[in-house]
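Beneath this line is the structure, given in structure tokens, with notes to follow.
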Amino acid sequence: MRYAVISDVHANVEALERALADARGLGVDEIVCLGDIVGYGPLPAEALALVRANCETAIAGNHDDAVAGRFDVESFNDLAHDAALRHRGALSREDVAYLSSLPYTCRFGEAEAAHGDFTKPEEFRYVNSREAAAANFAADDAPLLFVGHTHVPCVFVRGEDGVVSRLEGDSFTLERGKRYLVNPGSVGYPRDAGAGAASTYAIYDTVERMVAFRRLPFYVGSVMQRGVQPASATRRRRALCAAFAAMAFAVLAAAGVAAWFAAAKDDGGEEAAMDVAPSMLIYCHTIDIPVGCRAIDPKLKLAKGSPPVLLQTVYLDGQNREIERESRQYKSGAKRRKIPQKALVAVKAKLSIYRTAEGDKPIIEAFSPCALP
Ligand code: ZN
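Position 336 of the sequence shown, counted from 1, bears residue number 335 in numbering that gives the first Met the number 0, the numbering being contiguous throughout.
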């Protein structure tokens, strides 16, 4: 029997389709999904439909639980929090019921799987150290354990002497007497996304007694955005610019994430009066302006050859009343701009990107605005 073990799809349909096609091409008998089908990405309903149609077994991840209302979204960062609420709205009642019905562990072949860890599967702890791996080997006696959650592929082995160590390499034989804990990494949201990032999953062959990682190309710009907060993220926005700066560099491709933009915009983000047709809006993003900030850095970068964009900044007071607005056209990107004198009392700034004319959409590579002292 050959299993494909996938995890952390995160509503990234493009990457999921690629992984499923790869697994089918290898002639797997069954596909097991270790959870986090939804969360973060642009197409939760489509991703869930694909998992339901293709995976014989699936278990719950923390993002699935958050969308289903079984896990507290307040513990999430803004990006994850917003996505969970948006995904809840994007799924049918039946889909949400399916997510709430997912078990926390499952068994296939000689393996046992959990999304986070085996000490408390419903609490989604991480196995990212030898100590955590040892605790997992103690918590479950299956010879082969699978977990996801960290988005980083790795293998721990427990020798007959009880010593736990990491195993390097992309494939290994399951030796009798030893026990293994395998994390297949993430199909839809590899943590090292960027140059060289790979969408990964694992093949488990019960006859050959082999586990092998599959690494597939991952196209960040096509579907997944990192470090960008959707427009409705209003909680915990008190963080200073440093917090934003620390977030991963935003990589967007306007074409691929149009659905994401639309969904984020419809998700309760407040609308200011516009002097451009709303249909030309590509994306909007509201940031807090902490006391003492005197500039805004939109961190906007357009791809080479992209049509220009119109960037509008609307400054708002504590009651969301408009204080001042300015609009400018940019051909390649926008850098730091002083906040106008009149708007220095503003507590928020809403930055909206519009296309300048009907026709091709601008290709946005980065947009992660922040306020600067
Ligand atoms: Zn995840």
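By construction, the Cβ of each residue, glycine as well, lies at the ideal position given by its N, Cα and C atoms. These numbers come from a predicted model, not from an experiment.
Contact test: residue i Cβ vs the ligand ZN heavy atom, cutoff 7 Å
i	result
His-150	yes
Asp-64	no
Gly-184	no
Through-space distance from residue j to residue i, alpha-carbon basis
i	j	result
Ala-44	Val-95	10 Å
Met-0	Arg-124	30 Å
Ala-89	Gly-40	12 Å
Glu-321	Tyr-203	58 Å
Arg-354	Pro-368	18 Å
Tyr-2	Glu-93	27 Å
Val-181	Thr-56	17 Å
Ala-333	Ala-294	13 Å
Glu-323	Asp-287	15 Å
Glu-73	Glu-130	28 Å
Leu-371	Gly-161	53 Å
Leu-343	Ala-196	41 Å
Pro-307	Leu-25	45 Å
Leu-166	Asp-71	34 Å
Met-209	Asn-135	21 Å
His-86	Leu-309	29 Å
Val-395	Phe-171	The chain is shown only over 0 to 372; residue 395 falls outside these bounds and no answer can be derived.
Arg-335	Tyr-188	30 Å
Leu-173	Asp-21	23 Å
Ala-348	Leu-315	6 Å
Glu-364	Arg-106	42 Å
Leu-350	Asp-296	10 Å
Val-154	Ala-10	25 Å
Pro-339	Asp-359	32 Å
Ser-385	Arg-51	Because the chain is modelled from 0 through 372, residue 385 falls outside the range shown and cannot be assessed.
Ala-79	Asn-61	10 Å
Ala-132	His-150	16 Å
Ile-281	Val-8	25 Å
Own chain, CB closer than 8 Å to residue i, minus 5 neighbours either side, in chain order
i	result
Pro-183	Val-4, Ile-5, Ser-6, Leu-33, Phe-145, Gly-147, Pro-152, Thr-199, Tyr-200, Ala-201, Phe-212
Ala-138	Asp-116, Phe-117, Thr-118
Asn-53	Leu-19, Ile-30
Asp-28	Met-0, Arg-1, Tyr-2
Leu-301	Pro-307, Val-308, Tyr-329, Lys-330, Ser-331, Gly-332, Pro-361, Ile-362, Ile-363, Glu-364
DSSP beta-bridge partners of residue i
i	result
Lys-347	Asp-287, Leu-315
Cys-105	Ala-112
Cys-32	Ile-5, Ala-57
Thr-172	Met-209
Lys-298	Note: Lys-298 sits in no beta bridge, so no partner.
Gln-328	Leu-309
Ile-338	In the DSSP output, where bridge partners are listed per residue, Ile-338 has none listed.
Leu-215	Ser-198
Cys-153	Asn-182
Ser-164	Val-156
Glu-323	Tyr-314
Tyr-203	Tyr-2, Val-210
Arg-354	Val-308
Val-146	Ala-113
Cys-369	Asp-296
Ile-362	Answer is none; Ile-362 lacks a bridge partner.
Tyr-282	Ile-352
Cβ shell of residue i (< 7 Å), same chain only, five flanking positions each side left out
i	result
Ala-18	Ile-5, Val-186, Ser-198, Tyr-200, Leu-215
Asp-63	Gly-34, Asp-35, Ile-36, Val-37, Leu-98, Leu-101
Ala-67	Val-95, Leu-98, Ser-99
Ser-305	Pro-361, Ile-362
Phe-455	The structure shown does not extend to residue 455, since the chain spans only 0 to 372, so no value can be given for it.
Arg-69	Ser-99
Glu-111	Thr-104, Asp-139, Ala-141, Leu-144
Asp-169	Ala-211, Phe-212
Phe-243	With a pLDDT of 28 at Phe-243, under the threshold of 50, the predicted position of this residue should be treated as unreliable, though the coordinate-derived value follows. Only Ser-367, Cys-369 meet the Cβ criterion.
Cβ shell of residue i (< 6 Å), same chain only, five flanking positions each side left out
i	result
Glu-159	Gly-176
Val-12	Leu-42, Glu-45, Ala-46
Leu-49	Leu-15
Thr-205	Met-0, Gly-108
Arg-157	Phe-136, Val-163, Arg-178
Glu-325	Thr-312
Distance cut-off 7 Å: residue i Cβ against heavy atoms of the ligand FMN
i	result
Ala-132	In terms of ligand content, the structure shown lacks the ligand FMN and carries the ligand ZN instead.
Under 5 Å from any heavy atom of the ligand ZN, by CB: list those residues in chain order, please.
The filter returns Asp-7, Asp-35, in chain order.
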